[in-house]
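If you read the protein sequences in the order shown, they are chains H and F.
Going by full-length UniProt numbering, the first residue of the first sequence is number 1, and it counts up by one from there.
Going by full-length UniProt numbering, the first residue of the second sequence is number 1, and it counts up by one from there.
Don't be surprised by glycine CBs; every beta carbon is placed ideally from N, CA and C.
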Amino acid sequence: MSTLKLDLQTYKDLMKQYIETQNEQALYNAEQFSKHSIQQNISPDEIINVHFQALMELYPDVPDDIRNSMNFLLETMISYGLAYQEYQALREKQLELQSELSVAAKMQQTLLSTVKPEYNQLDVGATSHPAKQMNGDYYHFVEDQEGSLGIAIADVIGKGVPAALCMSMIKYSMDSFPEKRMEPSIVLEGMNRVVERNVDPSMFITMFYGLYDTKDNRFFYSSAGHEPGFYYSAKEDTFKDIEAEGLVLGVDRDTSYKQFEQQVDPGDMIVLLTDGVTECRSGDDFIEREEIAEVIRHYKHLPAQEITDQVYSHFERLQDFQLRDDFTLVILRREV
Amino acid sequence: MDFQSCVNIKKEWDIVGARQLGRDIAKKVGFGNVDQARIATAISELARNIYLYAGSGKVCFDAIDELNEKGLRIVAIDEGPGIQDVSQVMEDGFSTSGGLGAGLPGVKRLMDEFDVISRQGEGTEIKVVKWLR
Ligand SMILES: Nc1ncnc2c1ncn2[C@@H]1O[C@H](COP(=O)(O)OP(=O)(O)O)[C@@H](O)[C@H]1O
Ligand SMILES: [Mg+2]
C-alpha cells in the first residue's frame, strides 16, 4: 500500500511537471516510471487509477463528465490488467520449464556422450547439434579388442523432448549389446526388435550401423531406412551415395537387414549423416545432396573433425542460425 | 448463510443485472473505483459461466460488516453439469477465451478469496470474497 501511495505521489509530481513545462525531460521520466512499474508488476488498470487520482488531486473541480469518462476507461482496462497478470504468470512458468529443460539437456548430453576413437590410419570427426534444446539424433562409437570400430548413427523422426526420450532408450539398448565385434545386420535386427516392443508405433527411428575393420580397411554396413551417407573416393575425387536399403526400425519385428561391404583406400572418406543435414534449407528450397558433397569437398584438406565442424558452421549460417532439425555428421577417413 | 440479495441468471441480460447489484453493494461497503470495476468483472465471469455452461443459476451477494473486517462475499450457484477437472480449469491459459486472462483464474486474481465446490451432474458453487483495505 505504501509503495502504491509513493507511486501516486511520484506520478502526480511527474504529471504536474509535464503539464507545466511540456518538455521532453518529463516525458522521459514518464518512460522511466512505466518501466519501474512493470518491474513491480503493476498492471495497466492501476496506472489508470493512479492517473485518475492524481487528476482529482490536482484539479478538484474536474467536471463530472470527465470523471465519469475516467471511470469508463478504468472499466475497460480491467481485462487488460488480467491479461497482463496472466502473461506474467505464464512467463514465470516458461522460465521454470526452460530451466528444467536445460537440466534435462545436460543430462542427455552426459548420457549420450561417446568417446571419439583414435587410430593411426583412421581420422575420425563427429558433430551433433540439436535443433531445440534436446537431441533426437544419436551417434555412438564402439571399439573392440580386435581392432574393429563400430559406428551407430540414428535419427528419431520428430524432435524435442519426445525424440530425446526415445533416443535415450536406443542408447541403453546399444549399451546392452556385448562388446565384441558385431555384424551390422545383427545389430539392426536386434535394435528393430527392441524398438518394435518398446516404442509407440507413431514414432519412427532410422538407424545406420557400420563396422570398420582397421586390419584390412574394409567397411561393413547396414541401414534401417536411414538417410544415405556419402562415400568419397580419393582416387577418382568423386562422392557417391552409400546406398543400403532397409526398413525403418520397429515396423515389423521379423525384419532382416542386408549387409554391404566397401573396400576403403587411402584418402577415402565415409560420410554419415542424419536428415537434419540433407533437409537444411536455404530460403524455401531444400538444398541438394550434391551441395553437401561440394561443401565437404571444399574442406577435405582439413582433419576430419574440422571438416565436420566447418560443414556444420556452413549450414548453420545458411539457415540463419536456426536449425530446423537435429544435425549430425560423422566422417571417417583412411589416412594410410 | 443468509444472503442480502441474489440475482437469478437465465438470460445473458441477467449478467448486467448481477453486475449492477454487485456494484451497488460494493459501493455501499466502501470499495473504490478500481475495486468496484474488478468486482464487476469477476461477477461477469461467474454469471456468464452459469449462463453458458449451466443454463441457469444465481449469483448472491453478502456484505461483510464486522468489527475488524469489511468486504463483499459473492456466491455463484447452479445445478448444471459441474466442472469436470477444476485443477485443469484453474491453470492459466486453459480457458476457451485463451489469452484474455479472464475465466476462473482471472476471477481468482480479481478477488482475495476463492473456493469452488463442483460435483459432476449436480452443479457448481463458487464462493469468492473481496476484502476492503
Ligand atoms: N458453472 C459451470 N458449470 C459447468 N462448467 C463450468 C462452469 N464454469 C466453468 N465451467 C467449465 O470450466 C471451463 C473454464 O471456464 P472459464 O475459466 O470461465 O473459461 P471459459 O469460460 O472462457 O472457457 C469452461 O469452459 C467450462 O467447461
Ligand atoms: Mg468463462
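- With a threshold of 7 Å, the Cβ atom of E45 (chain F) counts as near ligand 2, since some heavy atom of the ligand is closer than that.
- The DSSP-derived three-state label of M203 (chain H) is coil.
- In the three-state scheme derived from DSSP, where H, G and I count as helix and E and B as strand, S113 (chain H) is classed as coil.
- Short of 6 Å from the beta carbon of F114 (chain F), and not among the five residues preceding or following it, lie these beta carbons of its own chain, in chain order: K108 and V128.
- V59 (chain F) is bridged by DSSP to F:V7 and F:A76.
- For the 8 Å CB-CB criterion, H140 (chain H) and D326 (chain H) do not form a contact.
- The three-state reading of DSSP puts F208 (chain H) in strand, counting E and B together.
- In terms of beta-carbon proximity, A26 (chain F) stays away from the interface with chain H, with every pair separated by 8 Å or more.
- Checking the 7 Å criterion, the Cβ of T96 (chain F) is within range of a heavy atom belonging to ligand 1.
- With a threshold of 8 Å between beta carbons, L74 (chain H) makes contact with chain F.
- Cβ proximity to chain F below 9 Å picks out M77, I78, S79, Y80, G81, L82, A83, Y84, Q85, E86, Y87 and A89 from the stretch 77–89 of chain H.
- Within the chosen limit of 7 Å, ligand 1 reaches the beta carbon of A54 (chain F) through at least one heavy atom.
- Residue side-chain check: D78 (chain F) places its Cβ nearer than 7 Å to a non-hydrogen atom of ligand 1.
- Remark: C-beta atoms of R218 (chain H) and Q259 (chain H) do not approach each other more closely than 8 Å.
- Listed along chain H are S79 and L82, each with a C-beta nearer than 7 Å to that of A102 (chain F).
- The DSSP-derived three-state label of G123 (chain F) is strand.
- Apart from sequence neighbours up to five positions away, the residues of its chain that approach A304 (chain H) with a beta-carbon distance below 6 Å are D123, V124, G125, I331 and R333, ordered along the chain.
- Around the beta carbon of S223 (chain H), a 10 Å sphere encloses 16 or more other beta carbons of the protein chains shown; the residue is thus reported as buried.
- For K300 (chain H), no alpha helix (DSSP H) run applies, since DSSP gives it neither H nor E.
- Counting every other CB atom within 10 Å of its CB across the protein chains shown gives K11 (chain F) a total below 16, marking it as exposed.
- Straight-line measurement puts the Cα of P81 (chain F) at about 42 Å from the Cα of I157 (chain H).
- Residues of chain H whose Cβ lies closer than 8 Å to the Cβ of G57 (chain F) do not exist; the shortest such Cβ separation is about 23 Å.
- A contact is defined here as three or more CB-CB pairs under 8 Å, and the stretch 299–313 of chain H fails this definition with respect to the stretch 100–112 of chain H.
- For F219 (chain H), the nearest beta carbon of chain F is not closer than 8 Å to its own beta carbon.
- Distance between A18 (chain F) and G55 (chain F), taken at the CA atoms: about 15 Å.
- For G101 (chain F), the Cβ stays outside the 7 Å cut-off from all heavy atoms of ligand 1.
- DSSP places K240 (chain H) in no alpha helix (DSSP H) but in the uninterrupted beta strand (DSSP E) bounded by T238 to I242.
- In the structure shown, M269 (chain H) falls within a strand segment according to DSSP collapsed to helix, strand and coil.
- Using beta-carbon distances, N68 (chain F) does not count as an interface residue toward chain H, since no partner is under 8 Å.
- When distances are taken from the beta-carbon of R19 (chain F) to the heavy atoms of ligand 2, even the shortest one reaches 7 Å or more.
- Residue state for E189 (chain H) is assigned as helix, using DSSP reduced to three classes.
- Put simply, the backbone Cα of A42 (chain F) is about 8 Å away from that of G106 (chain F).
- Within the UniProt domain "Histidine kinase/HSP90-like ATPase" (34–133) of chain F, the residues whose Cβ lies closer than 8 Å to some Cβ of chain H are V34, A37, R38, A40, T41, D92, G93, G99, L100, G101, A102, P105, G106, R109, L110 and R133, listed in chain order.
- In the DSSP assignment, Y138 (chain H) falls within the unbroken beta strand (DSSP E) covering D137 to E143.
- Distance from the C-beta of L55 (chain H) to the nearest heavy atom of ligand 1 is not below 7 Å.
- For N68 (chain H), no chain F residue has a C-beta closer than 7 Å to its own C-beta; the minimum C-beta separation is roughly 11 Å.
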